[in-house]
Amino acid sequence: MSYTIQEVSKMTNIPTTTLRYYDKEGLLPFLKRESSGYRTFSDIDISMLQIIQCLKSTGMAISDIKQFTQWLLEGDSTLKKRQEMFLKRKEAVENEIKELNKMLDIINFKCEYYKKAIQAGTDKHLFGKDKLPHADEFLKHK
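Residue 975 in this note's numbering sits at position 81 of the sequence shown; the count goes up by one each step and never skips.
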């Protein structure tokens, strides 16, 4: 199936200006153009966009995503490099999830704290008596 840039923008919620930028930067190596110069996106291009958005959301730089694209074009000789890149991204995301889960523990703790305070009509009996989750770990970083 082939799609216009406007269709892809609607489907992915990626602005057409960003799609053009990705093309200009070489992030969509399989993108075809009609004789009129209009870009036509295939299902492979849509998959590439999903990978690009995924990598970007993990904090990967466009230059590193471009390197990944170059490895794709180089073929099977770069399979190991591509796998290593994704393993590093996986580790980074897992570490971020771990940190976010710690923050969620603290937020959940404080939600419960305020629930109890609201039920009691005050937090005077609770204030300063709570020990936040991960407090010992936090203090080790000081």
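Glycine included, C-beta positions come from ideal geometry on N, C-alpha and C.
Here the structure is a predicted model, which means the values were calculated and not measured.
One or two residues paired with ARG933 in a DSSP bridge
ARG927
Residues in the same chain with beta-carbon distance under 7 angstroms from PHE1003, minus the five sequence neighbours each way, listed in chain order, please.
LEU1026, PRO1027
Between which residues of its own chain and LYS975 is the CB-CB distance below 6 angstroms, once the five residues before and five after are set aside?
TRP965
Restricting to Cα atoms, I'd like to know which of ILE959, GLY953, LEU1033 is closest to ASP917.
ILE959
Answer yes or no: the CB of LEU922 versus the heavy atoms of the ligand GTP, is any distance below 6 angstroms?
In terms of ligand content, the structure shown is empty, and the ligand GTP therefore cannot be addressed.
Quick one, are the C-beta atoms of ASP939 and LEU922 less than 7 angstroms apart?
yes
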